[in-house]
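**Student:** Here the sequence shown stands for residues 0 to 136, numbered as in numbering that gives the first Met the number 0. Glycine is no exception: its CB is placed at the ideal position from the N, C-alpha and C atoms.
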Amino acid sequence: MDVTLYASFLPHTDPDASLTFYRDALGFEVRDDVGHGATRRITVGAAGRSGPSLVLEPPVTDPGVTEEERRTVAEMMAKGAYAGILLATPDLDATFERVRAAGSGEIVQEPAERPYGVRDCAFLDPAGNMIRIQERR
């Protein structure tokens, strides 16, 4: 089999705030931006590289999801407990400072060695998605 990761999806609650975080704070390039208002889908990825993309989209757009389920998802997103991704960088301190200086993400954990053998940090993006950034070694 020849299967690769093409794209992953994270919900957004404010497409412009999410765009600012992923483009300006993390340095991702915009690969696609379609729709308008709350239905906008923004595809971003590592600048100047081919490879996997991250699609930022409205949460729970499936018409089969009930209002109660939508409220549950919104509550989980607000706590930072709904979705997340793990990113990697060769310079965690510089990346952390860039995101902190941008001011568009909420700091959850500053860079530190973890007991499970990695050095990482964590932010919540504007929609409450957990963004962990790990230092490549």
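1. Starting from the Cα of P89, find the closest Cα among I132, E28 and V33 and give me that residue.
2. With respect to the beta strand (DSSP E) encompassing R131, which residues constitute its N-terminal and C-terminal limits?
3. At 3 residues or longer, and completely inside the region 80-135: list those beta strand (DSSP E) runs for me, N to C.
4. Should S103 and F20 be called a contact, given that it needs their Cβ atoms to be closer than 7 Å?
5. Identify, in the order they occur along the chain, each residue of the same chain with its Cβ nearer than 8 Å to the Cβ of E28, setting aside the five sequence neighbours on each side.
6. At the level of alpha carbons, what is the spacing between L18 and G79?
7. Based on Cα-Cα distance, which residue from G63, A77, G50 and M0 lies nearest to H11?
8. Can you find the residues in the same chain that come closer than 6 Å, C-beta to C-beta, to R30, ignoring five residues on each side of it along the sequence?
9. Count the C-beta pairs between the region 122-136 and the region 80-100 that are closer than 8 Å, then say yes if the count reaches three, no if not.
10. Specify the secondary structure class of P10 as computed by DSSP and reduced to three states.
11. For the beta strand (DSSP E) that K72 lies in, which residues bound it at each end?
12. Comparing C-alpha positions only, which one of R118, D61, P14 and L25 sits nearest to A101?
**Tutor:** To lay it out plainly:
1. I132
2. M129 to E134
3. 83-88, 105-112, 118-123 and 129-134
4. yes
5. R22, V43, G44, A45, A46 and G47
6. 18 Å
7. A77
8. T42, G44 and S52
9. yes
10. strand
11. For clarity, residue 72 is Val in the given sequence; the question names Lys instead. First-last for V72: E66 to K78, but that is the alpha helix (DSSP H), not the beta strand (DSSP E).
12. L25
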